[in-house]
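Count the sequence shown with mature numbering (1 follows the signal peptide of the UniProt record, and there is no 0) and you get residues -16 to -1, 1 to 134, in order.
Take a look at the structure set out below.
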Amino acid sequence: MAYTTLLGVLVATSHASEYNYIVDPSELECPGNVTYRAVTLTAYHPMFDSDRKRDYLDASNRKLYTLQEYLDNRAPYVTVGMDPTLRLPYGKEACIPELNRHFRRAIRLQVRDTHEDLTGGGFRRVDVCVRTQEDSYDDVVNMLQVTLVL
């Protein structure tokens, strides 16, 4: 980070690379073999005050990592849930280019969760884990039509 004095005010300037942002739009595209269009993106959040571990752990009883934790560089990936009948391997990498473009960085998603509400949705729905109920109302992750790349 560089500092400059402008009209008697100290101004900090930084480069995108210092914050893990990608400036070149081509770097925001998703690698993968299969693309699904018109996928509905929804959000869910851990409920830590629940007596059911399933409300705050993933399908293998591991920690749910939220989008906000990932954006704060406190998580290695973002947990997403999909239809259990798809039988996707636990930890399957997924990518949503619209999220990458919105946040100007590659958002690493892993399919590590499922829920009975997702049953029958096939590849038409992805549930992304967010920090709180309030975060689930954000238009970026709420009922948005996106592209899913696996």
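We put the beta carbon where it would ideally sit given N, CA and C, even for glycine.
Just so you know, these numbers come straight off a predicted model, no measurement behind them.
Reduced DSSP category for residue i - H, G, I as helix; E, B as strand; rest coil
| i | result |
| --- | --- |
| Phe106 | Reading off the sequence, residue 106 comes out as Gly, not Phe. Here Gly106 sits in helix by DSSP. |
| Thr69 | helix |
| Leu12 | helix |
| Tyr28 | strand |
| Tyr54 | helix |
| Asp42 | coil |
| Arg21 | strand |
| Arg85 | helix |
| Asp97 | strand |
| Asp119 | helix |
Spatial distance of residue i from residue j (CA atoms)
| i | j | result |
| --- | --- | --- |
| Asn45 | Val95 | 14 Å |
| Asn84 | Asn57 | 15 Å |
| Val112 | Thr24 | 11 Å |
| Met127 | Gly16 | 23 Å |
| Leu51 | Gly75 | 16 Å |
| Leu134 | Val125 | 18 Å |
| Lys47 | Tyr28 | 14 Å |
Spatially closest choice to residue i from the options, by CA coordinates
| i | options | result |
| --- | --- | --- |
| Tyr49 | Arg92, Asp123, Cys79 and Gly105 | Arg92 |
| Glu11 | Leu55, Ile80 and Pro30 | Ile80 |
| Glu77 | Gly105, Gly65 and Thr26 | Gly65 |
| Thr98 | Asp67, Thr116, Ser34 and Glu82 | Asp67 |
Residue i, buried or exposed, once every other Cβ within 10 Å from all chains shown has been counted against 16
| i | result |
| --- | --- |
| Val18 | exposed |
| Arg36 | exposed |
| Arg89 | buried |
| Pro30 | buried |
Any non-hydrogen atom of the ligand GTP closer than 8 Å to residue i Cβ
| i | result |
| --- | --- |
| Thr26 | Looking at this structure, you won't find the ligand GTP or any other ligand, since it has none at all. |
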